[in-house]
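Trainee: Below you will find the structure I want to go over with you.
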Amino acid sequence: MTQTLFTLLEAAAARYGDRPAVCYEGRTLGYAALLDASSRLAEALADSGAGPGEQVAFCFRKSIDAIVTMFALIRTGACYVPLDPAWPAERMAMICEDASIRLWTGSGPPAAGLGGIDRAICSSLAGAGSASGSGTTVDAGRASGGGSGSVSIMTLSDAMQAAPPAWAPREPAGGIANLLFTSGSTGRPKGVRITTLSLLHYSQWVVDFFGLTAEDRVANHAPYNFDLSTLDIFAAVRAGAAMVPVPEKLKMFPYQMAKYIADERITTWYSVPSALIMMQLRGKLREHDLSALRHVIFAGEVMPKPALQAIAAELPPVTLTNLYGPTETNVCTYHACTAADLADDGPVPIGKPISDTRVWIVDDAMRPVPAGDAGELLVAGPTVTSGYFGDAVKTAERLVPAPDGDGTAYRTGDRVRARADGVLMFEGRIDRMIKARGHRIEPGEIEAALAKHPAVKESAVVPIPDPVFGNRIKACLAPRDGASLVEADLAAFCRAHLPPYMLPDVWAFYPSLPRTDREKIDLQQLMST
């Protein structure tokens, strides 16, 4: 039988049917029940248009409903498009338009202004205006199209009353599992195509490398629109382990998050370094019983060595592993930290390639650099994206002929160097991209939003290094003639146009932005003042 993501769930249900699949806020759903619920929901989703070649919005807070819906969409063969409920409506509207989305699934109904959506299946109807039950049609406020429209809404509970479908799962073995939208330099998010093959290969590597079993309890800290979440979900299902979503309300409270790890007997934790650093600084790790913890995994930004040493000193004996890879490659390299790593003060390596993955370090002309020299990292292998949705030009820019002549390789834009033993060391970016709180942020997207403000003449966004968050975001602005710049007004404006992780942390106002001798904005001066 051809393996797909849904067959992973079928296999887990057959072998571990009564074991917990998802545990959240006192409720547990077993693997057999997850298979049944997602199959029933798949029937209703298919009736609403979900299927191969369709993109479906997936806008959930952490919940059991989210996991049921994810696997239901996978069963139909549709491509799910994760959206963060905290995003402003403008960003969601851009993504829904670019991905040609007509069907919405989520914790709640779609916001007004999402022009193409005409059907929705939601956990709750709260916020659906006059809607009082499933099957209700409500006004959607088609602001993006200049008119009005309606959305037919059904609750998940009603949708799951359907009989399990008689048809076999329609998930294409070589298809696109999901679209992950990341920051775009043009001011518009870009959709990274994540293939079924990528998630199958990655989840198998994770299970093999970390030795995950049905006895494990895997925390899901990352939001669903963040590629880190694919480990928490698909590796857990492949192993028959329990997924334990971390409630969003805990993320700002390190002590409560550490307590959650203890109370839920988490064995495998995966997050951005800043989450671990905050727990080490403010979570009083030694006060909690973390004896169940086996693996602490981090990715998404540089882990400062002093922070890693402090974390290791306060945890029971666990494996500490640094995973590396942009969204376009998922994870492509890894480094298992050793006692020797913790004993020295050098940076944490990004390591060596995962299975069946090839890497090269190249110069500006895409030629391999001499041993020991730094250059741009290229990656080829089964976890690499097939490209950007609806953007052949961007795809051709980033997916280039592999140096060994075998297919294509992804240009990461990351500057790396190989040690004599072949271990890769990260040395920064070759472009302006900022890494903050585990997110890759294109300054151009923030600058494009600021350009819409009537008082802003010009702007530049630069990073400020931060020991906890990797970087903070500094917005440097010059006003239009006769206009005044007010920080509170600008911050509110940004909240309406940008997701929370892109909001500037620091504001700096100038009569005019400094220039180089070539009349370009002097970014180095802005970063140093």
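Residues 855 to 1383 in this note's numbering are what the sequence shown spells out, letter by letter.
The beta-carbon is built from N, C-alpha and C at its ideal position, and this holds for glycine as well.
1. Which stretch, first to last residue, makes up the beta strand (DSSP E) that contains Pro1189?
2. Could you check which residue in Ser1039, Glu897, Ala1305, Val1150 has the C-alpha nearest to that of Asp928?
3. Can you find the residues in the same chain that come closer than 7 Å, C-beta to C-beta, to Asp1217, ignoring five residues on each side of it along the sequence?
4. To which residues of the same chain is Glu944 closer than 6 Å at the C-beta, ignoring the five residues directly before and after it?
5. How close, in whole Å, do the beta carbons of Met1097 and Val1072 come, if the pair is a contact with beta carbons under 8 Å?
6. Could you tell me which of Arg1042, Thr1050, Ala1234 sits nearest to Thr858, measuring between CA atoms?
7. Name, in chain order, the residues that DSSP records as bridge partners for Leu1174.
8. Taking buried to mean at least 16 other C-beta atoms within 10 Å of its own C-beta, is Gln1450 buried or exposed?
9. Between Gly1029 and the rest of its own chain, which residues show a CB-CB distance below 8 Å, the 5 nearest in sequence each way excluded?
10. If I follow the unbroken alpha helix (DSSP H) through Arg1349, where does it start and stop?
11. Which whole runs of the alpha helix (DSSP H) in the region 1079–1110 are 4 residues long or more, in chain order?
12. One question on the structure: do Ala1166 and Leu1130 come within less than 8 Å of each other, judged by their Cβ atoms?
13. For the beta strand (DSSP E) containing Thr1122, name the first residue and the last one.
14. In this structure, how does DSSP classify Ile971 when only helix, strand and coil are distinguished?
15. Going by DSSP in three states, Ile1204 sits in which element: helix, strand or coil?
16. Within the same chain, show all residues whose beta-carbon is closer than 7 Å to that of Pro1236, passing over the 5 residues directly before and after it, in chain order.
17. Does the distance from the CB of Ile1375 to the CB of Ile1327 come in under 8 Å?
18. In whole angstroms, give me the CA-to-CA distance for Ala926 and Pro1333.
19. Going by C-alpha to C-alpha distance, which of Leu1147, Arg1136, Thr1040 sits closest to Asp1070?
20. Would you mind sorting Gly1001 into buried or exposed? The rule is 16 or more other CB atoms within 10 Å of its CB.
21. Please state whether DSSP places Lys1374 in a helix, a strand or coil.
22. What number of angstroms, rounded off, separates the C-alpha of Tyr1364 from the C-alpha of Ala1314?
23. For Gly1397, which residues does DSSP report across the bridge?
24. Tell me whether Gln1134 sits in a helix, a strand or coil according to DSSP, three-state version.
25. Does DSSP classify Ala1290 as helix, strand or coil?
26. Taking the alpha-carbon positions, what's the Gln1134 to Pro1099 distance?
27. Would you mind working out which of Leu863, Glu1281, Phe1063, Ile1115 sits nearest Ile1204, comparing C-alpha positions?
28. Give a yes or no on whether 8 Å exceeds the smallest Cβ distance from Val1185 to chain B.
29. Could you please give me the residues that DSSP links to Leu1331 through a beta bridge?
30. Just the Cα atoms here: how many angstroms apart are Ile1151 and Tyr1124?
31. For Asp872, which residues from the same chain have a beta carbon less than 8 Å from its beta carbon, with the 5 sequence-adjacent residues on both sides left out?
32. Assuming Asn1184 contacts Thr1084 (C-beta within less than 8 Å), just tell me the rounded distance between them.
33. Return yes when the Cβ of Gly1094 is within less than 8 Å of the Cβ of Gly1272, no when it is not.
34. Does the Cβ-Cβ distance between Phe914 and Ser961 come in under 8 Å?
35. Please identify the residue among Ser1145, Thr923, Glu1141 whose C-alpha is closest to the C-alpha of Phe860.
36. For the alpha helix (DSSP H) that contains Gln1163, what are its first and last residues?
Mentor: With the given structure in hand:
1. Looking up residue 1189 in the sequence shown gives position 335. Looking at the sequence shown, residue 1189 is not Pro but His. Per DSSP, His1189 belongs to the beta strand (DSSP E) from 1187–1190.
2. Counted from its first residue, the sequence shown places residue 928 at position 74. Asp is not the amino acid found at residue 928; the sequence shown has Ile there. Relative to Ile928, the option among Ser1039, Glu897, Ala1305, Val1150 whose CA is nearest is Glu897.
3. Translated into the one-based positions of the sequence shown, residue 1217 becomes position 363. Same-chain partners within the cutoff: Val1223, Gly1229.
4. Looking up residue 944 in the sequence shown gives position 90. If we look at Glu944 and ignore the five residues flanking it on each side, its Cβ neighbours are His1351.
5. Residue numbering aside, residue 1097 sits at position 243 when the sequence shown is read from its first letter. Residue numbering aside, residue 1072 sits at position 218 when the sequence shown is read from its first letter. At roughly 6 Å, the Cβ-Cβ gap stays under 8 Å, so Met1097 and Val1072 are in contact.
6. As a position in the sequence shown, residue 858 is number 4, starting the count at 1. The option with the nearest alpha carbon to Thr858 is Thr1050.
7. On the sequence shown, residue 1174 is found 320 positions in, with the first residue counted as 1. Its beta-bridge partners are Val1150.
8. Nothing about residue 1450 can be reported from this structure: the residues present for the chain run from 855 to 1383 only.
9. For the purposes of this step, residue 1029 is taken as the residue at position 175 of the sequence shown. Taken in chain order, the residues that qualify are Pro906, Gly931, Cys933, Thr1049, Thr1050.
10. The sequence position of residue 1349 within the sequence shown is 495, counting from 1. Arg1349 -> alpha helix (DSSP H) spans 1341–1351.
11. 1090–1093
12. Sequence index remark: in the sequence shown, residue 1166 carries index 312 (1-based). Sequence index remark: in the sequence shown, residue 1130 carries index 276 (1-based). Contact: no.
13. One-based indexing of the sequence shown puts residue 1122 at position 268. Per DSSP, Thr1122 belongs to the beta strand (DSSP E) from 1122–1125.
14. Taking the first residue of the sequence shown as position 1, residue 971 is located at position 117. The answer is coil: DSSP assigns Ile971 none of H, G, I, E or B.
15. What you label residue 1204 is simply residue 350 of the sequence shown in a count that begins at 1. DSSP places Ile1204 in coil when its eight states are reduced to three.
16. Sequence index remark: in the sequence shown, residue 1236 carries index 382 (1-based). Answer for Pro1236: Leu1051, Ser1052, His1055, Asp1210, listed in chain order.
17. Within the sequence shown, numbered from 1, the residue matching residue 1375 stands at position 521. Within the sequence shown, numbered from 1, the residue matching residue 1327 stands at position 473. Their beta carbons are not under 8 Å apart, which means Ile1375 does not touch Ile1327 by this criterion.
18. The residue you call residue 926 lines up with position 72 of the sequence shown. The residue you call residue 1333 lines up with position 479 of the sequence shown. Looking at the two C-alpha atoms, the distance is approximately 50 Å.
19. In the sequence shown, the residue the question calls residue 1070 occupies position 216. Between Asp1070 and the set Leu1147, Arg1136, Thr1040, the nearest pair of CA atoms involves Leu1147.
20. Position 147 of the sequence shown, counted from the start, is the residue given in the question as residue 1001. Note that Gly1001 scores 39 on pLDDT, short of 50, meaning its location in the model is unreliable; the coordinates nonetheless yield the value given after this. Exposed: under 16 other Cβ atoms inside 10 Å.
21. Along the sequence shown, one-based indexing puts residue 1374 at 520. Three-state DSSP puts Lys1374 in coil, outside helix and strand.
22. Your numbering for residue 1364 matches position 510 in the sequence shown. Your numbering for residue 1314 matches position 460 in the sequence shown. Straight across, the Cα-Cα distance linking Tyr1364 with Ala1314 is about 11 Å.
23. As displayed, the chain neither begins before 855 nor continues past 1383, which places residue 1397 out of reach and without an answer.
24. As a working note, residue 1134 is residue 280 in the sequence shown. Reduced to three states, the DSSP call for Gln1134 is helix.
25. Along the sequence shown, read from residue 1 onward, the residue named residue 1290 stands at position 436. The answer is strand: DSSP assigns Ala1290 an E or B state.
26. The count along the sequence shown starts at 1 and reaches residue 1134 at position 280. The count along the sequence shown starts at 1 and reaches residue 1099 at position 245. In this structure, the CA atom of Gln1134 is about 20 Å from the CA atom of Pro1099.
27. Against the sequence shown, residue 1204 aligns to sequence position 350. Looking at the Cα atoms, Glu1281 is the closest of the given residues.
28. Within the model displayed, chain B is absent; a lone protein chain is all it includes.
29. Position 477 of the sequence shown, counted from the start, is the residue given in the question as residue 1331. Its beta-bridge partners are Ser1313, Phe1363.
30. One-based indexing of the sequence shown puts residue 1151 at position 297. One-based indexing of the sequence shown puts residue 1124 at position 270. Here the alpha carbons of Tyr1124 and Ile1151 stand approximately 5 Å from one another.
31. Within the sequence shown, numbered from 1, the residue matching residue 872 stands at position 18. For Asp872, same chain residues with a beta-carbon under 8 Å away, outside a window of 5 residues either side, are Gly884, Tyr885, Ala886 in chain order.
32. Here residue 1184 corresponds to residue number 330 of the sequence shown, with the count starting at 1. Here residue 1084 corresponds to residue number 230 of the sequence shown, with the count starting at 1. About 7 Å separates the two Cβ atoms, so the contact holds.
33. Position 418 of the sequence shown holds residue 1272. Position 240 of the sequence shown holds residue 1094. In the sequence as displayed, the identity of residue 1272 is Ala instead of Gly. It is not a contact, given that the beta carbons lie outside the stated cut-off.
34. In the sequence shown, residue 914 corresponds to position 60, counting from 1. In the sequence shown, residue 961 corresponds to position 107, counting from 1. In this structure, Ser961 lies closer than 8 Å to Phe914 by Cβ.
35. As a first step, residue 860 must be located in the sequence shown, where it is residue number 6. When each option's Cα is compared against that of Phe860, the closest is Thr923.
36. One-based indexing of the sequence shown puts residue 1163 at position 309. First-last of the alpha helix (DSSP H) with Gln1163: 1159–1168.
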